[in-house]
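Engineer: Numbering (UniProt numbering), first residue to last: 1 to 358.
Using N, Cα and C, we set each Cβ at its ideal position, and we do this for glycine too.
My structure is below; once you've seen it, I'll send some questions.
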């Protein structure tokens, strides 16, 4: 099921009020802005888990209460957000819609993690619904949805863990997919500390940080600094997005890729190797592309050569990454190169949503 919305629901039974009270920011009650309103939407998400996946496409020009509307990820769906949407530049939405409709999907899914005695799964993160403490229920499941599981032990560790996913294909075939893991275990805390998997821990802490209310000690004059540039809906949307991210996606969001464009070879189609994401890499004569999995940021230095002039790049950026096949491309060498890179690279093929170019 696809749901498109431009404004707050004004009619019952799903009527919503504007809860975006800026006076609550940086107070003990700020967390209430991100708690969904109990009632219709909560019950609707529980009913939809039975067999109805819901994908939500939002086009806000004002507050939409995404914290409440965003309960659709519990069905296995996703929330797409297009702030200040304009029809002439709506290709981004059309690409996301096409990708969402065409991707492979399984329905009526139930997942269970099995472990040996003394080793158990205690928490599941990723926009899931659970009627009990063992089974994860999803109206549908796809390759873009990641679920993080917290495991705890109160006995001698065993290396074996299994995950079973039961689902129905689009053709009506009932299938069972099983993942069996055999992990290295250690009784020495120092060995565990030295060999921890950084990217997995970042993914875990990104999702668990959404639950407890954390505190940050800042000077009085800076207490609202972290939220001065983000609206309540923007923050709610990011929280929902992180909950469904896999390890690679959270790593890319927190440490974006920096692609140098100024020294690309005009022949061939190889994408340049990424640079370390540091201010030192931004040379006055350079042109770089920053990718965080959700948006592409084009940065041009003050002394950037004429061949990388914004006017030459604009046609490529307007058509990338899913160029309109019937349109004629500009003949500027770097423009052609940039268009090719954006189309053939994993920038779009491996991402959940298509990019905005900023």
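Quick one, which of 245, 163, 184 and 84 has its alpha-carbon nearest residue 178's?
Structural biologist: When only C-alpha atoms are compared, the closest one is 163.
Engineer: For residue 277 and residue 4, I'd like the C-alpha separation in whole angstroms.
Structural biologist: Distance between the alpha carbons of residue 277 and residue 4: 36 Å.
Engineer: From which residue to which residue does the alpha helix (DSSP H) around residue 92 run?
Structural biologist: Residues 91-102.
Engineer: Which class does residue 137 belong to by DSSP, given the choice of helix, strand or coil?
Structural biologist: Here residue 137 sits in strand by DSSP.
Engineer: Starting from residue 123, follow the beta strand (DSSP E) in both directions and report where the run begins and ends.
Structural biologist: Residues 119-125.
Engineer: Check each candidate in 291, 19, 20 and 117 and name the one with the smallest Cα separation from residue 251.
Structural biologist: Looking at the Cα atoms, 291 is the closest of the given residues.
Engineer: Out of 241, 100, 161 and 15, which one is the CA nearest neighbour of residue 146?
Structural biologist: When each option's Cα is compared against that of residue 146, the closest is 241.
Engineer: Within a Cβ cutoff of 6 Å, which residues of the same chain sit near residue 135, ignoring the five residues on either side of it in sequence?
Structural biologist: Excluding sequence neighbours, residue 135 sits near 110 and 112.
Engineer: Ignoring anything shorter than 4 residues, give me the alpha helix (DSSP H) runs that lie fully in the region 163-215, in order along the chain.
Structural biologist: Correct list: 189-194 and 198-208.
Engineer: Once DSSP output is grouped into helix, strand and coil, what is the label at residue 111?
Structural biologist: Strand at residue 111.
Engineer: For residue 208 and residue 125, what's the separation of their Cα atoms in angstroms?
Structural biologist: Rounded to whole angstroms, residue 208 to residue 125 spans 7 Å at the Cα level.
Engineer: Given a cut-off of 7 Å on the beta-carbon distance, is the pair residue 181 and residue 198 in contact?
Structural biologist: Against a cut-off of 7 Å, the Cβ pair of residue 198 and residue 181 comes out as no contact.
Engineer: Counting pairs of beta carbons, one from the region 15-35 and one from the region 47-54, are three or more of them closer than 8 Å?
Structural biologist: Not touching, per the Cβ criterion.
Engineer: In whole angstroms, give me the CA-to-CA distance for residue 69 and residue 275.
Structural biologist: If you take the alpha carbons of residue 69 and residue 275, they lie about 38 Å apart.
Engineer: For residue 2, which residues from the same chain have a beta carbon less than 7 Å from its beta carbon, with the 5 sequence-adjacent residues on both sides left out?
Structural biologist: These residues qualify, in order along the chain: 55 and 57.
Engineer: Taking residue 300 as part of the beta strand (DSSP E), name the residues at either end of that continuous run.
Structural biologist: 295-300 is the span of the beta strand (DSSP E), which, as asked, contains residue 300.
Engineer: Which residues share a DSSP beta bridge with residue 129?
Structural biologist: 137, per the DSSP bridge assignment.
Engineer: Identify which residue in 243, 133, 248 and 233 has its Cα closest to the Cα of residue 74.
Structural biologist: Comparing Cα-Cα distances from residue 74 to each of 243, 133, 248 and 233, the minimum goes to 243.
Engineer: Find out if the Cβ-Cβ distance for the pair residue 49, residue 129 is shorter than 7 Å.
Structural biologist: Taking 7 Å as the Cβ cut-off, residue 49 and residue 129 qualify as a contacting pair.
Engineer: Just to confirm before moving on: does the CB-CB distance between residue 149 and residue 76 stay below 7 Å?
Structural biologist: Taking 7 Å as the Cβ cut-off, residue 149 and residue 76 do not qualify as a contacting pair.
Engineer: With respect to the beta strand (DSSP E) encompassing residue 5, which residues constitute its N-terminal and C-terminal limits?
Structural biologist: Looking at the DSSP string, the run of the beta strand (DSSP E) that includes residue 5 is 2-5.
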